[in-house]
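Trainee: First the structure, then my questions, so here it is.
This is the structure we're talking about:
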C-alpha cells in the first residue's frame with residue numbers, strides 16, 4: 001500500500017514537472033484514439049450494414065426453358081456443392097408471372113393479353129450470409145453462367161462491387177489509423193518520459209544512492225505512461241461519442257427522411273478494449289524509454 | 001546476549017583492492033583494510049590520496065579494477081545491479097559534493113532516504129525534526145537547499161546519510177565547511193549513532209577531528225596506506241573531545 005502511495009505521488013510530481021509535454025502527449029494520444037476509433041466505428045457499422053443487406057442478397061439464374069425434375073436435380077447438385085450456398089429455389093414460368101403480377105399490384109392489368117409463360121424460368125441462389133461471400137460472388141456468378149441452359153445470371157453486381165470496395169477501403173484506413181495510433185502513442189509517450197527522466201536525472205541518481213529499488217524508480221514512469229494512455233483514450237472516445245451524438249442528431253427525423261437506423265456506437269467491451277490497448281501501448285512506450293535511458 | 005565476548009564482526013573488508021581510472025590514473029593501489037562493527041576509522045591524507053575513491057568503492061559507486069570488497073557480508077563486486085539497494089540501505093554516505101536537490105526543501109532532501117524504505121509519513125516527519133534539531137537546522141525545515149549556505153548544505157547531506165540508521169556511515173569531508181561549534185554538533189551526532197551500533201569511516205583533512213582520538217587513523221598517500229594507528233581500547237569512546245556537552249544535550 002505504502003509503495004503505491006509513494007509511486008502515485010512520484011508519478012503526479014513527474015507529470016507536474018513536465019506538464020506542457022504531458023499536455024501535448026495527452027492531446028496526441030486523444031487525437032490518435034479519436035482517428036482510429038472513428039474509422040473503426042465506421043468500419044464495423046459498414047460490416048453490420050453489409051450483413052443486413054446480405055440477408056436480401058440472391059443470385060437469379062435465368063434459364064432458357066423450364067427444367068424437368070431430373071434436370072432440376074442436376075442443377076441443385078451442382079450448385080449446392082459450393083459451401084457458400086445456403087439454399088436454392090426453382091421458380092417456374094407461371095410462378096414468375098404471379099410474382100410479377102403481385103409486384104405490379106393495382107397496375108397488374110397491364111399484363112392483360114400477355115402470355116403466362118412470357119417470363120423465363122429461373123433458379124434463385126441464396127448465398128451464405130457473410131461478407132466474404134460478397135467477395136466470391138462474382139466468381140460464383142461466372143461459374144453459374146457456364147452451366148448448360150443458363151441465359152443470364154443477375155445480382156446487384158455494381159452495388160455489391162462498390163460496397164465491397166468501400167468495406168475494403170475502410171479496412172485499410174482502419175489498419176492505417178491503428179498503425180498511426182501505435183506509432184504516435186508509443187513514440188510520444190517515450191519522448192515525454194524521456195523529458196521527465198532528463199528533468200529528474202539528478203533525483204534519480206540520488207534515489208539509487210540512497211537505496212531505492214529498481215521498481216521504486218521505474219514504477220512511477222510506467223504509471224505515468226498508463227495514465228497518459230488511459231486518460232488520452234477516454235478523451236478520444238469521449239470526443240467520438242460527442243461527434244456520434246451530433247451526427248445522430250443531424251440525421252434524426254421522421255422515418256421518411258434520410259436516417260441512420262443501423263449506425264450504433266461501440267459496445268462496452270470494445271470501449272474497454274480500446275482504452276486497454278491505448279494504455280498498454282503507452283506503458284510499452286514508457287518501458288522502452290526507461291530501458292533506454294535509465295538502464296534498469 | 002553478551003556482545004563483549006563475541007568476536008567483532010567484520011563490516012568492511014577490502015583485500016588487495018586497486019582502482020585505475022582510464023586511461024591509467026592509479027587512484028588506489030593494493031589496499032587491504034578491515035573495519036569491524038561499531039568501529040570508527042579516520043581516513044586522512046592529502047588531496048588525491050584516494051580517500052574519496054575508497055569510500056566510493058565501499059558504496060559500490062565504483063567497481064575496483066582488482067581485489068575484493070566485502071561490505072556488511074555482501075560481495076560488493078559480484079552484487080548484481082538489481083540488488084545494489086540492499087547494500088545502499090546499509091551504507092549511509094555523506095558526499096563531499098553533498099548531492100542535494102537544490103529545488104527541494106531541506107525536509108524533502110532528508111525524507112528521500114526514508115521514503116525509499118517506505119517509512120510512514122509520521123515517522124519521517126519525526127526523524128527529520130530530530131535530526132534538524134541535532135544539527136541546529138530546525139528553522140530551515142522548509143527552506144530550499146539551493147538557498148542554504150555550504151555549511152548548512154553539508155549538514156543536510158549528513159542528516160540524509162544517517163536518517164535511516166544505516167549500519168555503516170561513510171562521511172567524506174563531513175566538516176569541511178563547518179565552524180567549530182557545528183563541527184562539534186556533527187561529531188556528537190556521529191558518536192551517538194556509533195553508540196547505537198553504527199560503524200563509521202570518516203575521510204577528512206581536518207586534523208583537529210582526530211587529534212588525540214582513541215580511534216584508528218589511516219593515512220593514505222598516492223592510493224596506498226602510508227601509516228595506520230591502532231585504536232586505544234581503554235580511552236574514552238567519545239569521537240570528538242570537545243563534544244561531550246553537546247552529546248549529553250542530544251543523547252536521550
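Residue numbers (this note's numbering), protein chains in the order written: chain A, 1 to 296; chain B, 1 to 252. Idealized CB from N, CA, C, for every residue including glycine. Bear in mind that the values here come from a model prediction, so they are computed numbers and not experimental data.
(1) Is there a Cβ of chain B sitting closer than 9 Å to that of residue 2 of chain A, yes or no?
(2) Which residue from A:171, A:122 and A:26 puts its Cα closest to that of residue 45 of chain A?
(3) Check for me: the beta strand (DSSP E) holding residue 87 of chain A runs from which residue to which?
(4) Would you give the residue range spanned by the alpha helix (DSSP H) that residue 218 of chain A belongs to?
(5) Going by C-alpha to C-alpha distance, which of A:66, A:246, A:76 and A:106 sits closest to residue 117 of chain A?
(6) Should residue 3 of chain A be labelled buried (16 or more other beta-carbon atoms within 10 Å of its own) or exposed?
(7) Is the Cβ of residue 88 of chain B closer than 9 Å to any Cβ of chain A?
(8) Check whether the Cβ atoms of residue 98 of chain B and residue 154 of chain B sit closer than 9 Å, and answer yes or no.
(9) Would you tell me roughly how many angstroms separate the C-alpha atoms of residue 194 of chain B and residue 36 of chain B, rounded to the nearest one?
(10) Does the beta carbon of residue 106 of chain B sit closer than 9 Å to a beta carbon anywhere in chain A?
(11) Check distances from the C-beta atoms of the stretch 114-125 of chain B to those of chain A and list, in chain order, the residues that come in under 8 Å.
(12) With a cut-off of 9 Å, does the C-beta of residue 281 of chain A fall near any C-beta of chain B?
(13) Would you say residue 223 of chain A lies against chain C (beta-carbon separation less than 9 Å)?
(14) Report the residue from B:147, B:183 and B:42 whose alpha carbon sits nearest the alpha carbon of residue 102 of chain B.
(15) Which residues in the same chain as residue 9 of chain B place their Cβ atom closer than 8 Å to its Cβ, once the five residues preceding and following it in sequence are excluded?
(16) Under 9 Å, Cβ to Cβ, is there at least one residue of chain B near residue 28 of chain A?
(17) With C-beta atoms as the reference, is residue 229 of chain A less than 9 Å away from residue 189 of chain A?
(18) If you measure from the beta carbon of residue 216 of chain A to each beta carbon in chain B, is any gap under 9 Å?
(19) In its own chain, which residues sit with a C-beta less than 8 Å from the C-beta of residue 79 of chain B, not counting the 5 before and 5 after it?
(20) So what does residue 66 of chain B bridge to, in DSSP terms?
(21) Can you tell me the Cβ-Cβ gap for residue 126 of chain B and residue 64 of chain B, rounded? I've got them flagged as a contact below 8 Å.
(22) Residues of chain B with CB closer than 7 Å to the CB of residue 202 of chain A, please, in chain order.
(23) What's the gap between the Cα of residue 205 of chain B and the Cα of residue 46 of chain B?
(24) Taking DSSP as the reference, what is the three-state secondary structure of residue 96 of chain B?
(25) Please report the straight-line C-alpha distance between residue 155 of chain A and residue 111 of chain A, rounded to a whole angstrom.
(26) Per DSSP, which residues does residue 221 of chain B bridge with? Please list them.
(27) Using a Cβ-Cβ cut-off of 9 Å, state whether residue 259 of chain A counts as contacting chain B.
(28) Determine the DSSP secondary structure at residue 72 of chain A, reduced to helix, strand or coil.
(29) Going by DSSP, what residues sit across from residue 152 of chain A in a beta bridge?
Mentor: So, to answer that:
(1) Here the question's residue 2 of chain A lines up with position 2 in the first chain. For residue 2 of chain A, the answer is yes, since a Cβ of chain B falls inside 9 Å of its Cβ.
(2) Here residue 45 of chain A refers to the residue found at position 45 of the first chain. Measuring from the Cα of residue 45 of chain A, the nearest candidate turns out to be A:171.
(3) Sequence index remark: in the first chain, residue 87 of chain A carries index 87 (1-based). First-last of the beta strand (DSSP E) with residue 87 of chain A: 85-91.
(4) Locating residue 218 of chain A in the first chain gives position 218, counting from the first residue. Residue 218 of chain A -> alpha helix (DSSP H) spans 214-251.
(5) In the first chain, counting from the first residue as 1, residue 117 of chain A sits at position 117. For the residues A:66, A:246, A:76 and A:106, the minimum Cα distance to residue 117 of chain A belongs to A:66.
(6) Taking the first residue of the first chain as position 1, residue 3 of chain A is located at position 3. That one is exposed.
(7) Position 88 of the second chain, counting from 1, holds the residue named residue 88 of chain B. Under the Cβ criterion of 9 Å, residue 88 of chain B is counted among the residues facing chain A.
(8) Position 98 of the second chain holds residue 98 of chain B. Position 154 of the second chain holds residue 154 of chain B. Annotated as proximal: residue 98 of chain B and residue 154 of chain B, with beta-carbon spacing under 9 Å.
(9) As a first step, residue 194 of chain B is located in the second chain; it is residue number 194 there, counting from the start. As a first step, residue 36 of chain B is located in the second chain; it is residue number 36 there, counting from the start. So the alpha carbons of these two residues sit roughly 12 Å apart.
(10) On the second chain, residue 106 of chain B is found 106 positions in, with the first residue counted as 1. Interface flag for residue 106 of chain B against chain A is unset, since no Cβ pair is found closer than 9 Å.
(11) Those would be 115, 116, 117, 118 and 120, in chain order.
(12) Position 281 of the first chain, counted from the start, is the residue given in the question as residue 281 of chain A. Taking Cβ atoms only, chain B never reaches closer than 9 Å to residue 281 of chain A, which makes this a no.
(13) This model lacks chain C altogether, as its protein chains are A and B.
(14) Start at 1 with the first residue of the second chain, and residue 102 of chain B comes out as number 102. Closest by C-alpha distance to residue 102 of chain B, out of B:147, B:183 and B:42, is B:147.
(15) Looking up residue 9 of chain B in the second chain gives position 9. Here the set comprises 36 and 37.
(16) Sequence index remark: in the first chain, residue 28 of chain A carries index 28 (1-based). Not flagged as an interface residue toward chain B: residue 28 of chain A, since no C-beta distance is shorter than 9 Å.
(17) The residue you call residue 229 of chain A lines up with position 229 of the first chain. The residue you call residue 189 of chain A lines up with position 189 of the first chain. A distance below 9 Å separates the beta carbons of residue 229 of chain A and residue 189 of chain A.
(18) Numbered from 1 along the first chain, position 216 holds the residue referred to as residue 216 of chain A. By this cut-off, residue 216 of chain A is an interface position.
(19) Position 79 of the second chain, counted from the first residue, corresponds to residue 79 of chain B. Here the set comprises 60, 86 and 87.
(20) Here residue 66 of chain B corresponds to residue number 66 of the second chain, with the count starting at 1. Answer is B:18, bridged to residue 66 of chain B.
(21) Locating residue 126 of chain B in the second chain gives position 126, where the first residue counts as 1. Locating residue 64 of chain B in the second chain gives position 64, where the first residue counts as 1. 39 Å between Cβ atoms; not a contact.
(22) Locating residue 202 of chain A in the first chain gives position 202, counting from the first residue. In chain order: 101.
(23) Here residue 205 of chain B refers to the residue found at position 205 when the second chain is read from its first residue. Here residue 46 of chain B refers to the residue found at position 46 when the second chain is read from its first residue. Near 7 Å, if we compare the C-alpha coordinates of residue 46 of chain B and residue 205 of chain B.
(24) Locating residue 96 of chain B in the second chain gives position 96, counting from the first residue. The answer is coil: DSSP assigns residue 96 of chain B none of H, G, I, E or B.
(25) Start at 1 with the first residue of the first chain, and residue 155 of chain A comes out as number 155. Start at 1 with the first residue of the first chain, and residue 111 of chain A comes out as number 111. Answer to the nearest angstrom: the Cα atoms are 25 Å apart.
(26) Counting from 1 along the second chain, the entry for residue 221 of chain B is found at position 221. Note: residue 221 of chain B sits in a beta bridge opposite B:224.
(27) Counted from its first residue, the first chain places residue 259 of chain A at position 259. With a pLDDT of only 46 at residue 259 of chain A, under 50, the local geometry of the prediction cannot be trusted, and the value read off the model is given with reservation. Residue contact check for residue 259 of chain A against chain B: no CB pair falls below 9 Å.
(28) Start at 1 with the first residue of the first chain, and residue 72 of chain A comes out as number 72. Assignment of residue 72 of chain A by DSSP, reduced to helix, strand and coil, places it in the helix class.
(29) Within the first chain, residue 152 of chain A is the residue found at index 152, counting from 1. Residue 152 of chain A pairs with A:62.
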